[in-house]
Amino acid sequence: MKGKDLILLLLAAVVAFMVMAAPTFAAVGCDLNDPDRDVARFFPESSGYKTTYVSIDKRGGEVMLRRVEKRLGDRFHGIYETIDVPYTLYEIHSGPRTIGYIHGVNQKGQFGGIQVFVALDPGGRIKSFYIQKMTSQWAKKLRDPKFGRQFAGLSLKDLDAYNPATGKGGGKVAEIRNPAPEAEEDFRASLRALKKNLILMDEFVFSSERGKP
Amino acid sequence: MMDGTGMSLQARGLTRVYRRGSEEIHALDGVSLSIRQGEFVSFMGPSGSGKTTLVNLLGCLDNPSSGELDLAGRSIFGGGKILGEKALTRIRREVFGYIFQNFYLIPTLTVRENVALPLAFYKKTGVEGEVERLLGMLGMAHRMNHLPGQISGGEMQRVAIARALVNRPEILLADEPTGNLDTKRSEEIGEVLCDLNKNAGLTIVMVTHNPSLARLGGRLIEMRDGQAYEN
Amino acid sequence: MISRFQIAYKNLLRKKSRTLLTLVGIMLSSWVLVSLLGFNRGYEQALNRDIDNMGYQLMVMAKGCPYEAATMMLQGGTGLRYIEQSMVDLIVSKPEVDKVTPILMQAFFDPDKGDGGGIAGYFGVEAASFPAMKPFFRFRQGAWFTDEQAAEAVMGFEAAELEQREVGDMILVPEKNVKLKVVGVLERTGGQDDGTIFVPLKTLQKISETDKITTIGIKVNKDADSVKLEATLYQLPDVQVVSFTQVKQTIMKLIATARVMVLSIAIIALLIAMVGVVNTILMSVLERMQEIGILKTMGAMPGDIFILVWTETLILCSSGGIMGIGLALVFARLSDILVRRVLPYSPGGELVAIDMKLAFLTLAIIVVVGLLSGIYPAWKAGRVRPLESIRSE
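Chains as they are written, first to last, in the numbering used here: chain A, 161 to 373; chain B, 16 to 246; chain C, 647 to 1039.
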């Protein structure tokens, strides 16, 4: 036992030491746990996808941040929601055509982080709404596909009138029912995440597309 | 300066043979003479005559091939006895002071330090203050802190003389003391030596090519082919 | 009056460039020698420091228990074996033991962590004893819990980041649905602690409905025989002992070969410098043959001449040695950087550790080696016969 375990421990120690010397990352992003599986799930007709990383500070700096906050109707909070957070953007292809996007954001929930992903068509409409992770006794209800289907077909303008800070507002979004009233905070957090997700997609992808001839 | 009486040299049948390759050179061929305390003896002769060889033996710088030498009645060489470096050094430092044609002052030491140099290795009792006294006596007091490179040839020889005398030797051996000096300086050195001999009673044994210098002392011995001739 | 030391020292000044070059040679080789000796020492010290910083040097756990929380999580948190908490008292009584801390490692399954669900790893630790085991922990926010039964948690850097937790936020223990308040978020350590959630031991025991523990962390007394302690611990029933000092010894063995090589280089450098010294002194003796002969006419014994020349060697070696060691001290930081670039693994902290003791030791080595090298020229000078040297013009 001793010899083999010793080598394992030695390797663990060496790796631990090496990692100590490794560079650290500024902030944590939001990746799909299994992109191959999830891309196929949301875009069955896809032939492949491209992964890029973007962040507010690299794309537009403080100016962009202020604009996003204004559109969101809420400021960026805390030590994890910062200007340098990397966002993972999956560009889905079928042959040479781009057929859609997948994008996720981290959101602070009541008991843990919530990871909210949307699959969008090239026009920016929601195809799928997917909560990859949530820590809550009632997470099952909010992660139920029945809940997510309510968002299909919606786009950013449907959330324009919704204020995530207050949880009030009009539009199609206001009609969406909270399946877990005991987890009102997490329900509202998910909606904030969704709006933020769509705003960022608009800023990173669709507004520049609109600018194209 | 002189302690004791009767520090005389007695040489009997001194010979010195050198081997150079397969050749044998008889530099000295059975020379006998005696030098009394207080004498000033000059040795003259052409190159190869054996004068330097003889003076070296008298000065205990070398062992003879055969013959005897007594110093103050005590036998130094004789009976086949060969003395090692240490033994010769012990004799030398008690009795002799040496000056040479090339002065041999140490260039990185001052005049004062050069004169004091022998005292670093051997010091007789009562020689404190000899350095300053000798330099004063030889007219070099004003150059005490100069380096040899900053003084003239004649001054360098004076310093060498002071150095040779710092341990109060009985006998001064001078090998071509004026060989590197011009006429004027040679005369000056000659005067110094005369003075030391007459007023301080120092026994001087000198080798020289310079006839006028040789005549300064009381005795002149000529060397030819390893033999000594005295008038 | 002039002393023999002054004569020797002034002799060296006669050929300033040559003396200077020889000095530079000794200086460089002493610099190399003392730096390499310092490295030899520093590496071991730094490694010890790194191991020390791991908090505890020994871990005792139930036989068959995986000793890495990461491995535990990979295995799904099942099959965890326990040890009785009374084992702690047994171990603390051993004379070699400085401190102990009992730890309960638990994993809970969270079905909503990704699609297949995931494991959340918790460490139940004693507020009184655990922080002292990890003195290098720094807090990004907050501090350790103080109440041994509090419903509180301290989160590792990455665990907090994933859950977007700050001090004051709540977390939920999956499966059990127990709420805990975050009181501290740690700075990144680069180790597995970054993904760990620390909870008071009694709290976790209550949540897990057990009074047992999984691990005992042991800090050994500084000069204690840790091997002996390990052997004793192995005698305890149903436990395995994991030792970080064994890890250190393995690493040390790995670099032992490197150290031998490194020391050989230093010795070669020294020998080369000494050859330079012998050459310098010998040349100066040969140039001064007549003068040495004259010294003998002044009453210098062969021994006096030997000492004189040997003193010159001594002056050269000690001056060069002191300068080289001085340079090494000044540039220790630079040597450190150079060494780190060359080695595949370097522990943290000062790698080239030169203290006064080492400096003196190195100087002694240089002087002794120098004096040994200087014997031949000094002996040769002592043997000079005045007549031969005077005649040799």
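The C-beta atom is built at its ideal place from N, Cα and C for all residues, glycine as well.
Note that this is a predicted model, so its numbers are computed, not measured.
The stretch 161-196 of chain B is shown to contain whole beta strand (DSSP E) runs of 3 or more residues at 186-190, in chain order. According to DSSP, Pro1032/C shares a beta bridge with no other residue. Contact between Glu794/C and Lys848/C holds, since their C-beta atoms are separated by about 5 Å, short of 8 Å. When the alpha-carbon of Phe111/B is set against those of Ala156/B, Gln52/B, Gly154/B, Leu150/B, the nearest one is in Gln52/B. Between Glu344/A and Tyr322/A, the alpha-carbon positions lie close to 16 Å from each other. Non-local beta-carbon contacts of Ala340/A in its own chain, meaning distances under 7 Å to residues more than five positions away in sequence, involve Trp298, Lys301, Leu302, Phe347 in chain order. A Cβ of chain A is located within less than 8 Å of the beta carbon of Lys759/C.
Proximity of chain A to Asn823/C at the Cβ level (cut-off 8 Å) is accounted for by Gln297, in chain order. Asn323/A has Lys328/A as its beta-bridge partners, per DSSP. Look at Tyr880/C here: in three-state DSSP terms it is helix. Going by C-alpha positions, Ser889/C is about 26 Å away from Leu850/C. Spatial neighbours of His161/B in its own chain (CB-CB distance under 7 Å, excluding positions within 5 residues in sequence) are listed in chain order as Thr125, Val126. Each of Pro883/C, Val743/C, Pro741/C was checked against the Cα of Glu730/C, and the nearest Cα belongs to Pro883/C. When secondary structure is reduced to three states using DSSP, His237/A falls in the coil class, being assigned neither helix nor strand.
Under the three-state reduction of DSSP, Tyr689/C is assigned to helix. For Asp756/C, a Cβ of chain A is located within less than 8 Å of the residue's own Cβ. In summary, Val931/C is buried, with 16 or more beta-carbon neighbours lying within 10 Å of its beta-carbon over all protein chains present. Within the DSSP secondary-structure output, Met733/C pairs in no beta bridge. Here Lys709/C is near Gln886/C, since their CB atoms are less than 8 Å apart.
Runs of beta strand (DSSP E) with 3 or more residues, each lying fully within the stretch 773-841 of chain C, are found at 785-788, 798-801, 816-819, 824-832, listed in chain order. Contact of Ser649/C with chain B by beta-carbon distance below 9 Å involves Ala135. The three-state reading of DSSP puts Glu345/A in helix, counting H, G and I together.
Check the Cα spacing between Ala42/B and each of Tyr33/B, Met159/B, Glu237/B, Leu134/B: the tightest is with Tyr33/B. With 16 or more other Cβ atoms from the protein chains shown falling within 10 Å of its own Cβ, Gln267/A counts as buried.
Of the candidates Ser227/B, Leu188/B, Val222/B, Ser227/B places its Cα closest to the Cα of Glu206/B. Contact between the stretch 771-788 of chain C and the stretch 740-753 of chain C is present: three or more C-beta pairs spanning the two stretches fall below 8 Å. Annotation: Gln270/A is outside any alpha helix (DSSP H) and is labelled neither H nor E by DSSP.
Think of a sphere of 7 Å around the beta carbon of Arg173/B: no beta carbon from chain C falls inside it, the nearest being about 16 Å out.
Of all C-beta pairs linking the stretch 225-236 of chain A to the stretch 275-282 of chain A, fewer than three are shorter than 8 Å, placing the two stretches out of contact. Note on Val985/C: 16 or more other CB atoms within 10 angstroms of its CB, so buried under the neighbour-count rule. Here Arg257/A carries a strand assignment [DSSP, helix/strand/coil]. When the beta-carbon positions are compared, Ala1024/C and Trp956/C come within less than 8 Å of each other.
Between Gln116/B and Glu191/B the beta-carbon gap is near 4 Å, inside 8 Å, which marks them as a contact. DSSP, read as helix, strand or coil, puts Ala708/C in strand. According to the DSSP assignment, Ala102/B belongs to the alpha helix (DSSP H) that extends over 100-110. Cβ-Cβ separation between Ser296/A and Phe271/A: approximately 6 Å, consistent with a contact (criterion under 8 Å).
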